[in-house]
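First comes the structure, then the notes that go with it.
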Amino acid sequence: MTDKQHPDESADNSGASRRDFLKQSSIMAAFAMTPPAAVTAVEKGLHETIATRFEQMSLRVTINGTAQQLNIEPRVTLLDLLREQLNLTGTKKGCDHGQCGACTVHVDGTRVNACLTLAMTTEGCKVTTIEGLADGDRLHPMQEAFIKHDGFQCGYCTPGQIMSAVACIREGHADNPDEIREYMSGNICRCGAYSNIVDAIMDVKQGGQKV
Amino acid sequence: MTKDTKNPPIDRVDGRMKVTGGAKYFAEFTMPSMTYCVIVSSDIAKGSIASIDTKKAENAPGVVGVFTHQNMPAIPGWDAPAQGNGNGPPPGPPSGGEKYRILHTKEILFDGQPIAMVVADTFERATYAASLVKATYTKQTARTDLTKHLADGVTPKGERAADYVRGTADGYKTAPVTLEANYTIPIEVHNPMEMHGILAHWEGDDKLMIYAKTQGVKATQRAMAQAFKINPDNIRVHTEFMGGGFGMALRTWPQETAVVAISRKIGRPVKLVMTRSQMFTLVGHRPRTVQTINMGADTNGKLVGIAHAATGETASYEDFTEGTVNMTKFMYDCPNVSTRYKIVPLDRGVPIWMRGPGEATGAFALESAMDEMAHKLNLDPIEFRLRNYTETDPEHNRPYSDKNLKEAYQRGADAIGWNKRSNQPSSNRDGEWLIGYGMSSGTFNASRGQATARAILNADGSLTVQCGVTDIGPGSGTAMAMIAHNVLGVPVDKIKVEYGDTSLPNAPMQGGSTITSTVGSAVYDVCTTVKNTLADMATKSGSPLANSKANDLTLADGMLYLEADRSKKVAVADLMRSNNLPAIDKTQQSKGGSEGEKYSMYSFSVHFVQVRVHPVTGVVRVSKAVSVADSGRIVSPNTAASQMIGGVAGGIGMALTEEAVIDHRFGRYINNNLADYHVATSADVPHTETIVIDKPDPYINPMGAKGMGEIALIGFAAAVSNAVFNATGQRIRDLPITPDKVMQKLV
Chain A
1 MTDKQHPDES
11 ADNSGASRRD
21 FLKQSSIMAA
31 FAMTPPAAVT
41 AVEKGLHETI
51 ATRFEQMSLR
61 VTINGTAQQL
71 NIEPRVTLLD
81 LLREQLNLTG
91 TKKGCDHGQC
101 GACTVHVDGT
111 RVNACLTLAM
121 TTEGCKVTTI
131 EGLADGDRLH
141 PMQEAFIKHD
151 GFQCGYCTPG
161 QIMSAVACIR
171 EGHADNPDEI
181 REYMSGNICR
191 CGAYSNIVDA
201 IMDVKQGGQK
211 V
Chain U
212 MTKDTKNPPI
222 DRVDGRMKVT
232 GGAKYFAEFT
242 MPSMTYCVIV
252 SSDIAKGSIA
262 SIDTKKAENA
272 PGVVGVFTHQ
282 NMPAIPGWDA
292 PAQGNGNGPP
302 PGPPSGGEKY
312 RILHTKEILF
322 DGQPIAMVVA
332 DTFERATYAA
342 SLVKATYTKQ
352 TARTDLTKHL
362 ADGVTPKGER
372 AADYVRGTAD
382 GYKTAPVTLE
392 ANYTIPIEVH
402 NPMEMHGILA
412 HWEGDDKLMI
422 YAKTQGVKAT
432 QRAMAQAFKI
442 NPDNIRVHTE
452 FMGGGFGMAL
462 RTWPQETAVV
472 AISRKIGRPV
482 KLVMTRSQMF
492 TLVGHRPRTV
502 QTINMGADTN
512 GKLVGIAHAA
522 TGETASYEDF
532 TEGTVNMTKF
542 MYDCPNVSTR
552 YKIVPLDRGV
562 PIWMRGPGEA
572 TGAFALESAM
582 DEMAHKLNLD
592 PIEFRLRNYT
602 ETDPEHNRPY
612 SDKNLKEAYQ
622 RGADAIGWNK
632 RSNQPSSNRD
642 GEWLIGYGMS
652 SGTFNASRGQ
662 ATARAILNAD
672 GSLTVQCGVT
682 DIGPGSGTAM
692 AMIAHNVLGV
702 PVDKIKVEYG
712 DTSLPNAPMQ
722 GGSTITSTVG
732 SAVYDVCTTV
742 KNTLADMATK
752 SGSPLANSKA
762 NDLTLADGML
772 YLEADRSKKV
782 AVADLMRSNN
792 LPAIDKTQQS
802 KGGSEGEKYS
812 MYSFSVHFVQ
822 VRVHPVTGVV
832 RVSKAVSVAD
842 SGRIVSPNTA
852 ASQMIGGVAG
862 GIGMALTEEA
872 VIDHRFGRYI
882 NNNLADYHVA
892 TSADVPHTET
902 IVIDKPDPYI
912 NPMGAKGMGE
922 IALIGFAAAV
932 SNAVFNATGQ
942 RIRDLPITPD
952 KVMQKLV
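Note that the protein sequences, when read in sequence, are chains A and U.
With my numbering, the residue at position 83 of the first sequence is 83, and numbering never jumps.
With my numbering, the residue at position 365 of the second sequence is 576, and numbering never jumps.
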């Protein structure tokens with residue numbers, strides 16, 4: 001049995017036309033300013049560079065205490081900004097769909113999935129990643145507790161677990177193991193270290209250290 | 212030495228790197244002018260590409276190249292005959308014989324098969340451009356439903372997969388009490404947290420640097436050397452940290468090789484990070500498997516016969532086999548045993564071993580059947596197992612090297628409160644909830660392979676231990692440190708363990724629960740050589756311990772002592788200085804002997820669970836879990852316990868939630884993401900108690916240590932299923948045990 005499938009060829013030119021528009025408009029803008037330079041740019045394929053510049057927007061955000069002035073494409077997620085542009089690779093990509101929690105960071109003190117957060121929406125915000133949790137060489141109590149209780153195996157979900165765990169206590173959602181299990185369920189650990197993770201969080205909570 | 216004394220728990224050696232975000236996984240390395248690759252997957256499961264339009268993608272900003280079957284660069288080792296196979300396969304698993312070659316022809320063999328790979332200068336641009344690739348297909352009906360094609364099952368080639376008979380094949384029929392039951396498991400997907408991919412860069416015409424997600428850097432090196440016909444020494448593969456594997460990275464997948472080929476073609480580094488949905492189709496899965504157990508026992512609870520038949524799926528283009536029926540052959544004292552294992556080729560991506568692998572599938576059937584038979588005999592399930600206990604391996608007619616399963620049953624039973632269990636199902640309630648207890652056992656082959664390790668003892672007392680093994684999470688590095696500490700007395704915090712790079716000495720892949728035994732033995736041996744070197748220097752004339760025998764010396768805290776008189780001693784640093792040695796640097800290959808022929812070597816586990824079943828909603832909750840491991844001497848108690856609790860979490864997923872669902876009209880998954888494919892989350896997993904027997908196996912290796920990774924999972928799903936029966940009186944033989952199935956039975 002065979003049959004043919006044809007995608008709707010007329011429908012999907014929206015992406016291309018958006019691009020073309022941006023290119024054309026950027027070239028036109030360049031024309032208005034310095035026409036000969038723009039023509040040269042197009043001839044040399046530099047319109048790409050011009051388009052790129054026009055597609056980027058400025059972003060001011062404080063990451064781990066450092067004020068950043070960035071130019072990024074508006075479609076860039078906070079997760080990809082951290083990992084691919086700022087080399088803050090402690091924040092992990094586990095699904096890119098907000099389903100696993102590996103990318104958990106704090107934005108203005110609230111835990112969020114960085115993969116579901118367009119970087120542009122953090123304008124003026126304070127972002128804390130796993131790299132910003134320790135005080136220099138002195139680990140955060142939650143990091144110490146994860147080591148003590150072996151709250152991980154492969155370590156890939158760990159930064160997200162720790163950022164989530166800190167927020168869990170700060171939110172007041174860590175009063176007992178069952179509550180911790182519920183409020184930590186957005187962070188998947190495929191190695192299955194949950195039992196130790198709950199112990200680590202209980203330890204920090206009961207230790208009364210400032211988180 | 213380690214064999215004689217239990218080891219203290221130590222923190223994971225790479226713990227600090229993992230909790231600070233300092234651990235770098237393959238996708239986190241960067242290179243100048245690095246490009247990003249995105250895979251465009253087939254929309255159909257079977258047929259061929261009628262047309263493919265890549266123009267828009269090629270013209271999209273930042274795109275460096277769009278590769279399809281029409282312009283894919285050649286992979287030289289695949290195009291020439293290799294290993295006597297005209298299809299020129301890359302080295303696959305032992306089942307071998309790959310016919311599928313990525314981006315090679317227009318044929319579509321399975322859902323999700325790559326039809327294009329798009330490379331651009333940023334991830335966003337590559338992703339966008341990939342969305343512009345459009346294909347039309349000539350579609351054929353895909354055969355994807357195992358249960359509809361069971362009749363097409365074939366017995367795989369090779370001795371290990373052959374039919375097995377001990378006594379009379381259908382001896383079970385003569386027993387006064389018989390049982391026949393069918394058990395099915397669904398497709399499960401490994402879904403490690405880290406997405407699969409690769410980062411490749413040609414540093415010269417025949418010089419290749421790879422950051423990989425692999426369970427064996429050396430294996431990836433060999434695969435690439437063969438694929439590109441270059442000297443393996445010119446290929447460096449680095450995987451110091453790997454975000455979980457569970458078996459899915461036990462081979463080099465075609466898309467990895469394709470990325471390397473593309474990188475060579477465009478002359479720039481290429482990074483591929485697959486999507487979560489591609490993790491369902493391109494890196495294997497646990498195959499859907501249908502099993503039948505026939506069992507017969509006499510009225511005293513003695514097994515008369517077991518027949519175990521299993522049929523699993525494989526791909527149309529490659530055989531995949533696993534040890535689904537193995538456990539049945541040797542676990543119980545039973546005169547008549549037969550097993551039959553078949554595979555059915557389907558239009559699906561090829562499976563690959565998933566934690567426990569086939570043994571976990573088989574244990575679900577066997578250990579469920581044991582529970583069913585115990586119920587028929589009105590025996591406690593532990594008592595039934597004890598009546599059929601064997602101290603010798605009935606499959607090979609030789610003793611087990613070590614087996615402490617009776618103790619494991621007892622300790623687990625005590626810990627879970629087995630005495631609260633009634634043998635009468637459905638007799639224990641807590642408010643609305645039905646309470647049940649279940650248990651099961653698991654076992655997996657223990658072995659020692661070949662590995663090489665290097666040890667460098669410096670005059671300052673620090674030690675570096677190297678081996679090119681990958682630590683995918685179980686804590687192999689921590690075990691290496693513990694073993695080196697035990698031999699050389701160097702404090703653990705002065706031991707640096709290096710692994711996960713092909714520049715280091717040879718090691719096998721991390722899989723099959725063999726690394727502590729194999730690599731650990733190599734570390735033990737090379738450290739012993741270092742110690743002997745020290746002892747030789749210390750006992751030669753003129754030395755402080757002259758005339759002492761090397762065997763009488765003990766190393767601790769940087770001092771070499773005469774064990775009988777600890778006042779006679781010499782500092783290691785002084786000894787090395789006086790011999791003008793800045794360091795003692797030894798490399799040694801290590802492998803086992805013939806012990807595996809004299810003894811059957813297995814690790815064993817026992818799992819106990821308490822479940823709560825809600826009779827109205829059908830919800831099953833595992834409310835208590837106890838796992839007991841009989842896996843020889845425990846080298847690193849913390850990381851071993853973590854593997855065990857991880858097995859419980861994986862087992863809860865296998866028992867209650869995990870199922871990759873295919874819409875067979877299209878041959879495609881409908882839940883290929885982590886929101887719809889339910890792995891166990893924190894809320895699903897109770898506090899887990901782990902118990903280790905911690906007795907050294909006398910024969911397997913110098914540490915007496917056996918594997919832990921597989922037995923932590925093997926059997927667990929049966930314990931849950933058995934507990935659900937104990938709670939409700941209803942038997943669910945089709946995993947996962949979801950509320951709909953429970954409700955159907957209870958209404």
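Note that CB positions come from ideal geometry on N, CA and C, so glycine has one too.
Predicted model only: the values in this text are computed from it and were never measured.
Where residue i meets chain U, residues with beta-carbon distance less than 9 angstroms
| i | result |
| --- | --- |
| N71 of chain A | None at all; the shortest Cβ gap to chain U is about 13 angstroms. |
| N87 of chain A | E239 and T241 |
| S185 of chain A | T892, S893, A894 and D895 |
Residue(s) in a DSSP beta bridge with residue i
| i | result |
| --- | --- |
| D254 of chain U | In DSSP, D254 of chain U forms no bridge with anything. |
| R447 of chain U | U:M420 |
| K553 of chain U | U:T522 |
| S816 of chain U | U:G653 and U:A840 |
| N505 of chain U | U:E391 and U:A518 |
| Y810 of chain U | None, per the DSSP bridge assignment. |
Contacts that residue i makes with chain A (C-beta to C-beta distance below 9 angstroms)
| i | result |
| --- | --- |
| M406 of chain U | K93, G94, C95 and D96 |
| H898 of chain U | P177, S195, V198 and D199 |
Interface residues of chain A facing residue i [CB-CB closer than 7 angstroms]
| i | result |
| --- | --- |
| R876 of chain U | Correct list: empty, because the minimum Cβ distance to chain A is about 12 angstroms. |
| S853 of chain U | D150, Q153, A193 and N196 |
| R487 of chain U | C95, D96 and H97 |
Rounded separation between residue i and residue j - CA only
| i | j | result |
| --- | --- | --- |
| G722 of chain U | N656 of chain U | 12 angstroms |
| A337 of chain U | G90 of chain A | 23 angstroms |
| G408 of chain U | T129 of chain A | 24 angstroms |
| N445 of chain U | N717 of chain U | 15 angstroms |
| V484 of chain U | A386 of chain U | 56 angstroms |
| A271 of chain U | A340 of chain U | 6 angstroms |
| D80 of chain A | A238 of chain U | 12 angstroms |
| R462 of chain U | R566 of chain U | 14 angstroms |
| T654 of chain U | E709 of chain U | 31 angstroms |
| N13 of chain A | V330 of chain U | Model confidence at N13 of chain A stands at a pLDDT of 40, short of 50, so the residue's coordinates are unreliable; what they give is reported in the following sentence. The alpha-carbon atoms of N13 of chain A and V330 of chain U are separated by roughly 20 angstroms. |
| C157 of chain A | R83 of chain A | 15 angstroms |
| N282 of chain U | R479 of chain U | 17 angstroms |
| V249 of chain U | G288 of chain U | 24 angstroms |
| N187 of chain A | L885 of chain U | 11 angstroms |
Of the residues the options, the one placed nearest residue i, counting alpha carbons only
| i | options | result |
| --- | --- | --- |
| T522 of chain U | U:D544, U:K513, U:F541 and U:R551 | U:R551 |
| T355 of chain U | U:R596, U:F877 and U:S612 | U:F877 |
| D704 of chain U | U:D222, U:T492, U:E524 and U:G382 | U:D222 |
| G862 of chain U | U:R844, U:P897, U:D841 and U:N882 | U:P897 |
| T572 of chain U | U:F927, U:T868 and U:L957 | U:F927 |
| T319 of chain U | U:F334, U:A580, U:I263 and U:V817 | One point to set straight first is that residue 319 of chain U is Ile, not Thr, in the sequence displayed. It is U:I263. |
| V481 of chain U | U:D874, U:M490, U:R487 and U:A469 | U:A469 |
Under 8 angstroms by beta carbon: chain A residues contacting residue i
| i | result |
| --- | --- |
| N402 of chain U | R190 |
| K222 of chain U | The residue asked about is misnamed: residue 222 of chain U is Asp in this sequence, not Lys. Result: I147, K148 and D150. |
| K257 of chain U | Neighbours of K257 of chain U on chain A: none; closest Cβ ~10 angstroms, over 8 angstroms. |
| N849 of chain U | D150 |
| K235 of chain U | T89 |
Residues that residue i contacts on chain U, provided the C-beta gap is smaller than 8 angstroms
| i | result |
| --- | --- |
| D80 of chain A | F334 and E335 |
heavy atom of the ligand ZN below 8 angstroms from residue i C-beta
| i | result |
| --- | --- |
| A200 of chain A | The ligand ZN is absent from the structure shown, which contains no ligand whatsoever. |
Amino acids of chain U, ordered along the chain, whose beta-carbon sits closer than 7 angstroms to that of residue i
| i | result |
| --- | --- |
| Q143 of chain A | V230 and T231 |
Original post:
Per the contact definition of three or more C-beta pairs closer than 8 angstroms, is the segment 123-139 of chain A in contact with the segment 230-237 of chain U?
Top reply: yes
Original post:
Three or more beta-carbon pairs under 8 angstroms between the segment 847-856 of chain U and the segment 688-706 of chain U, yes or no?
Top reply: yes
**OP:** Mind the definition here: the segment 573-580 of chain U touches the segment 380-400 of chain U only if three or more C-beta pairs lie below 8 angstroms; say whether that holds.
**Re:** Contact between the segment 573-580 of chain U and the segment 380-400 of chain U is present, because at least three Cβ pairs lie under 8 angstroms.
**OP:** Check whether the segment 428-443 of chain U touches the segment 239-252 of chain U, counting contact only when three or more Cβ pairs, one atom from each stretch, lie closer than 8 angstroms.
**Re:** no
Original post:
So does the segment 157-167 of chain A actually touch the segment 820-830 of chain U, counting three or more Cβ pairs closer than 8 angstroms?
Top reply: no
Original post:
Does the count of Cβ pairs from the segment 811-824 of chain U and the segment 934-947 of chain U closer than 8 angstroms reach three?
Top reply: Judged by Cβ distances under 8 angstroms, the segment 811-824 of chain U makes contact with the segment 934-947 of chain U, as three or more pairs qualify.
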